[in-house]
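Undergrad: I have a structure I would like to understand better, so I am pasting it below and will then ask my questions one at a time.
In my numbering, the protein residues as written are 2 to 243.
Shown next, in the form of structure tokens:
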């Protein structure tokens, strides 16, 4: 199991009903898309961090690493928004700066809600809830197979990198580029082989789409739902009024 899956399975909120967590973090995700920055997005980020670190007791190292990982993607994405090409010179566009920081603020808040749900809810519970809600069995099979494959590929990529480090594959810039290219090629070949092997193995257990995981549907607490609604309303009002 990867660290994120371990964190999702061994936190204080792992046994809470999936419906409640979907209501909370799904509501925060929608609020992140609707409320204007920055106060509302800061409030959403604060609520997510409190839920994950203080209430659910997700390990801070895993949660922060998962939360900060998209920052590199955001940093690369704001370049075309901020910079403009004028007479073959890159200049800062003031309108682009405003658009960029609004986009980054909204993206961070929405990412926090998604990551917190992932860190507090096992994938098996999400799939079971989706099946109960009417998720088509073939689609659930594809999601389950893809999730298992991603976990295997992460371990394979980590093993390949470790082996290249032992062979001093990153001692120079040229060697590092060659090493990274070899790793990508190896992971691509492994992904095709292991995807076929996983699909065959799961098909031997049952028909495609019938490999459901047994998970009990915990009763929803009216008190917790009321608290969640109050949190969502408070965050939305705070974001709109400030």
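Glycine is no exception: its CB is placed at the ideal position from the N, C-alpha and C atoms.
Is residue 82 helix, strand or coil when you go by DSSP?
TA: helix
Undergrad: If you scan the segment 64-136 from start to end, which runs of the beta strand (DSSP E) of 3 or more residues do you find wholly inside it?
TA: 84-87, 90-93
Undergrad: For residue 222, name the three-state secondary structure that DSSP assigns.
TA: Correct three-state label for residue 222: coil.
Undergrad: Pick out whichever of 63, 230, 3, 199 has its Cα sitting closest to the Cα of residue 26.
TA: 230
Undergrad: Ignore the nearest five residues each way along the sequence and tell me which others in residue 239's own chain have a CB closer than 7 Å to its CB.
TA: 40, 41, 44
Undergrad: May I have the straight-line CA-CA distance separating residue 38 from residue 95, to the nearest angstrom?
TA: 17 Å
Undergrad: What three-state label does DSSP hand residue 60 in the structure shown?
TA: coil
Undergrad: Terminal residues of the continuous alpha helix (DSSP H) containing residue 150?
TA: 138-167
Undergrad: Exposed or buried, residue 16, counting other C-beta atoms within 10 Å across all chains shown (16 or more means buried)?
TA: exposed
Undergrad: Work out the CA separation of residue 180 and residue 174 for me, nearest whole Å.
TA: 10 Å
Undergrad: Which residues bound the alpha helix (DSSP H) around residue 4?
TA: 4-10
Undergrad: Inspect the CB distances between the segment 3-21 and the segment 120-132 and report whether three or more fall short of 8 Å.
TA: When Cβ pairs closer than 8 Å are counted between the two stretches, the segment 3-21 is seen to touch the segment 120-132, the count reaching three or more.
Undergrad: For residue 92, which option in 155, 49, 83 has the closest C-alpha, if you only look at C-alpha atoms?
TA: 83
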